[in-house]
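Chemist:
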Amino acid sequence: MAQPDTQTVQCSWPVRAPCEKLVFPCIKVSITTTIVFLFALFVILPNMMIPDVRIDPASSLYSFNVTSSRVDSTWNILISVKNPNKHFLVKYNNIEATMYYSNELLSRVSIHPFIQETNNRTILRALFNLTLPRANSWAARCLESDYARGETSINVNLQAGRRFGVGSLNWWIRGLDIYFSCTDLVFIFPSHGEAKISVIDDAWNNCEMGLFGYV
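Read left to right, the sequence shown gives residues 1 to 215 (UniProt numbering).
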């Protein structure tokens with residue numbers, strides 16, 4: 001009996017080209033790289049641009065008066081803020097300035113939000129009106145003593161939230177809060193008129209950045 005003619009059939013998966021094997025991993029890598037790049041461009045880079053904050057030497061102690069029961073004073077503090085970024089606008093909100101004598105809080109004021117152009121300097125005004133009872137306030141007694149001595153020293157802190165704007169696209173990206181502490185601001189009490197801030201030892205420029213967090 002004749003045997004049937006049989007042929008061996010080999011089955012195998014089709015071999016993919018090298019590029020076809022890499023196409024999906026390449027897409028994943030490209031997407032990941034793009035996300036990291038955009039994150040660095042729009043989040044990390046703007047936050048690394050630390051604003052230049054100074055106390056303007058035109059700041060003044062507008063009035064100072066001692067009565068039998070209290071110490072009244074008005075402080076006109078001018079805070080200079082510069083946006084060093086050449087590509088991003090900065091929108092400041094929740095701006096608050098606080099004034100201290102040593103570690104004792106004297107007053108806090110809110111400052112209107114504003115949008116700052118690129119590479120621009122803005123002067124903020126913080127007007128502190130103080131009424132301190134002589135009997136119960138250590139700071140009032142110290143200010144009175146300083147007045148007799150002819151000069152006094154205060155500290156001013158500034159904190160604010162930030163958002164970064166991308167050109168004319170009207171996109172605002174949430175940034176990190178800023179916190180600056182300006183210490184040892186010396187005012188000389190004059191015989192007449194306002195007490196201008198003293199620029200001895202560049203005290204007016206002694207502002208340091210502190211801790212910050214998300215808006």
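Glycine included, each C-beta is placed from N, C-alpha and C at the ideal position.
1. Which residue from L89, H87, R108 and F164 puts its Cα closest to that of A97?
2. Any idea if Y101 is buried or exposed, counting beta-carbon neighbours within 10 angstroms, 16 or more meaning buried?
3. Counting C-beta neighbours from all protein chains within 10 Å, is the total for A148 16 or more, i.e. buried, or is it exposed?
4. Just how far apart, CA to CA, sit S80 and R134?
5. Short of 7 Å in beta carbon distance, which residues of its chain neighbour A58, apart from the five on each side in sequence? Order them along the chain.
6. Using the DSSP secondary-structure output, state which residues sit across from W172 in a beta bridge.
7. Could you give the distance in angstroms between the alpha-carbon of N157 and the alpha-carbon of N129?
8. How many whole angstroms separate the CB atoms of D52 and P84, which I take to be in contact at a CB cut-off of 8 Å?
9. Checking the sheet assignment: what are the DSSP bridge partners for E151?
10. Taking the CB atoms as reference points, tell me whether F164 and I178 lie closer together than 9 Å.
11. If you run the structure through DSSP and keep just helix, strand and coil, what is A58?
12. Out of A126, C182, H112 and E104, which one is the CA nearest neighbour of K91?
13. Short of 7 Å in beta carbon distance, which residues of its chain neighbour S69, apart from the five on each side in sequence? Order them along the chain.
14. What is the DSSP secondary structure of S107, reduced to helix, strand or coil?
15. What does the alpha-carbon distance come out to for the pair R141 and S153?
16. Assign G161 to buried or exposed, taking buried as 16 or more other Cβ atoms, counted over all protein chains shown, within 10 Å of its Cβ.
17. DSSP has T74 in a bridge; who is on the other side?
18. Roughly how many whole angstroms lie between the Cα atoms of F114 and S60?
19. Tell me the rounded alpha-carbon separation between F189 and G210.
20. How would you label residue 289, buried or exposed, when you count the other beta carbons within 10 angstroms and need 16 or more for buried?
Modeler: Looking at the coordinates:
1. R108
2. buried
3. exposed
4. 33 Å
5. L78
6. G165
7. 16 Å
8. 6 Å
9. I188
10. no
11. coil
12. H112
13. P133 and R134
14. strand
15. 14 Å
16. buried
17. S63 and N129
18. 23 Å
19. 30 Å
20. Here the chain covers residues 1 to 215 and nothing more, so residue 289 does not appear.
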